[in-house]
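Numbering (full-length UniProt numbering), first residue to last: 1 to 701. Glycine is no exception: its CB is placed at the ideal position from the N, C-alpha and C atoms. Notes to accompany the following structure.
What follows is the structure in structure tokens.
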């Protein structure tokens, strides 16, 4: 396979990038095509989101790439200064001018990332505080850091999913980060998963992207144990985004297979995806909403469309599916569903000599992997103590014994006794109540009668229900039942009423009496145990309440009573210094202060209304004076000195009215300012201290 990497050892120096004084260019990398092996190459892959910004490609100038490509490459070189081969998609994927080579590379993305020695995830520079927190402490991330990760586009891109799940080693950093800020993925997932597990369901709705990130965490944790089916990958990619429609299928191909592109005729991305699934024997892609093929014998197969939308959501960690109702119709005394394709016989496809191995390696290092039940249930949040049958963070899995453990020597007939010779049985592990009751007896005869081989010989003992009740009694007495203690009771202990009787009614009556007696004893025992547990719990609660706790309860009750008081009944105490210099203490309720403030406001409004009335009177006098001037000017000619006298008088009246208005406005303004100062003084010296004391008393424990 022809693969290019960015390296300072490139032969051509024409199109090189100058980074830290070195020229980095494209170098052809030899990668083993034996994709069934787990051997890794000596190059590093970079996983990042392109964003919206674009800039000319430094390697292929006619085309554009993300403006984050160069900063991401510089950050990767700074974090891994000894690495001399780096694969980054914007520079290493062939340009559109080479369509065959470009399609082959895009179809081999899963192969490339699975062969890389390490995959480094480069987030945006805003994620630097989050990574610093994860490096310093193992505590869960705060809300502010969750908001930063929620804004990361890397979580929702289609390409980044297959880049993460195919990585043998995954590390996380951010652009423009100082050297050394590189966090292991499991440590990062553990801190994030712990923080998500502490959120309430209402708060988790604020982080829809991080909820998808949790699924990615589970898939990365179980990548060494489980393979992903086509339907699982379709369900995951349905909520992720991509720039070009074809990237949707290329990303799904990389997520379900780590084989390189086949040297065959190029097909559309959708057809290549379905062909890859068929070569694997995975036909779960038929559960899509796409139309069906019209060719004979192929009507079960979806058509080639831009997207294969899944009709059901199937997760790789085994989340329960929810049912959905479909319409149907009666058909030959049965029911059939609408819009269901009929199956038809079709000759099998010709054998394909190219049969890759899609199984995971037999030898898996469990020290750095986590089983799937732990990953989803604990949300990668770590464990303070070991879990039965599962591994804690970084631990190894253990093969624990089955809860049903029987003595190997009990393979004899049911009638054999444990005291009949042989070696002494080993100590059996502690059994639970359910195991002690529901452990079935060993059978020595076939379940069904076969001709020529009767189920019971004539001289064989008849079975009874005594062993079952014996196990019930042993369970409630907290005694482990011996594996070989499932035989019939001996002649000394066996009650004649428990053996089958020729009269079935008598046997049923005896069985009912025995059952009622056992049920009564069970109920009595359970009632006594509940009473004992209730008394012990009450005693522990009474002993745990000490004098400080009683004081705290009393103080809390006083606070509750204070909070139950109406607001207008709260008393506010204040100290004011009088004109003679003496300090006087005033004590008023909130209702009195509000009433006083309302009275002052009403007084101020009254003064304003008087002012506006006087203003209206002055305005009327001015209007009447103007009318008088106009009337005289229109009725007399050549008045001479009289006209000048009227104008002079008019000016005097206007100036007098304006002066009075200004004086009244100044007086009212001073009164308003004084009233506002008084209100502010009362608020600062009386209301604020008491409110501060009130809220401080609420915050006290």
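Of the residues assessed, residue 7 falls on the buried side of the cut-off, its CB having 16 or more other CB atoms within 10 angstroms. With contacts defined by Cβ atoms closer than 8 angstroms, residue 132 and residue 72 do not form a contacting pair.
Residue range 109 to 115 is occupied by the alpha helix (DSSP H) that includes residue 112. Residue 162 and residue 243 have their alpha carbons spaced roughly 16 angstroms apart. Pairing residue 292 with residue 303 gives a Cβ-Cβ distance under 8 angstroms. Boundaries cannot be given for residue 261, as no beta strand (DSSP E) includes it and DSSP labels it neither H nor E.
Secondary-structure assignment with DSSP links residue 174 through a beta bridge to 123. Looking at the DSSP output, residue 518 bridges to nothing. Contact between the segment 267 to 284 and the segment 115 to 124 is absent: fewer than three C-beta pairs spanning the two stretches fall below 8 angstroms. Taking a cut-off of 8 angstroms for Cβ pairs, the segment 90 to 97 and the segment 134 to 146 do not touch, as fewer than three such pairs fall below it. Per the DSSP secondary-structure output, residue 184 pairs in a beta bridge with 171. If the five residues before and after residue 69 are omitted, its C-beta is found closer than 6 angstroms to the C-beta atoms of 90, all from its own chain and listed in chain order. In this structure, DSSP gives residue 21 a state outside helix and strand, which the three-state scheme calls coil.
If the five residues before and after residue 169 are omitted, its C-beta is found closer than 6 angstroms to the C-beta atoms of 118, all from its own chain and listed in chain order.
Proximity of the segment 196 to 215 to the segment 144 to 160 meets the contact definition, three or more beta-carbon pairs being nearer than 8 angstroms.
Just measuring C-alpha positions, the residue of 84, 85, 127 sitting nearest residue 48 is 127.
Scanning 173, 54, 551, 188 for the CA closest to the CA of residue 134 turns up 188. A residue is called buried when at least 16 other Cβ atoms come within 10 angstroms of its Cβ; residue 228 meets this threshold and is buried.
Within a 10 Å sphere around the beta-carbon of residue 20 sit fewer than 16 other beta-carbons, which makes this residue exposed. Secondary structure at residue 3: strand, using DSSP grouped into helix, strand and coil. Contact between residue 570 and residue 556 does not hold, since the beta-carbon distance rounds to 19 angstroms and is not under 8 angstroms.
Counting C-beta pairs with one atom in each stretch, the segment 268 to 278 and the segment 243 to 253 have three or more that are closer than 8 angstroms, which means they touch.
Shown here for residue 654: same chain residues with a beta carbon closer than 7 angstroms to its own, the five before and five after excluded, namely 622 in chain order.
Of the candidates 682, 176, 662, 682 places its Cα closest to the Cα of residue 585. Linking residue 54 to residue 124 through their CA atoms gives a straight-line distance of about 16 angstroms. A direct Cα-to-Cα measurement between residue 311 and residue 305 gives close to 15 angstroms. For residue 152, the three-state secondary structure derived from DSSP is coil. In the DSSP assignment, residue 55 falls within the unbroken beta strand (DSSP E) covering 54 to 56. Residue nearest to residue 178 within the set 10, 87, 626, 129 is 129 (criterion: CA-CA distance). Secondary structure of residue 645 (DSSP, three-state): helix.
Residue pairing by DSSP places residue 229 in no beta bridge whatsoever. Residue pairing of residue 622 in beta bridges, as defined by DSSP: absent, with no partner found.
Taking 8 angstroms as the upper bound for CB-CB distance, residue 261 and residue 108 are in contact here, some 5 angstroms apart. In this structure, the alpha-carbon of residue 604 lies about 7 angstroms from that of residue 672. Taking 8 angstroms as the cut-off, the Cβ atoms of residue 235 and residue 314 count as close. By the CB criterion at 8 angstroms, residue 26 and residue 10 fall inside the cutoff.
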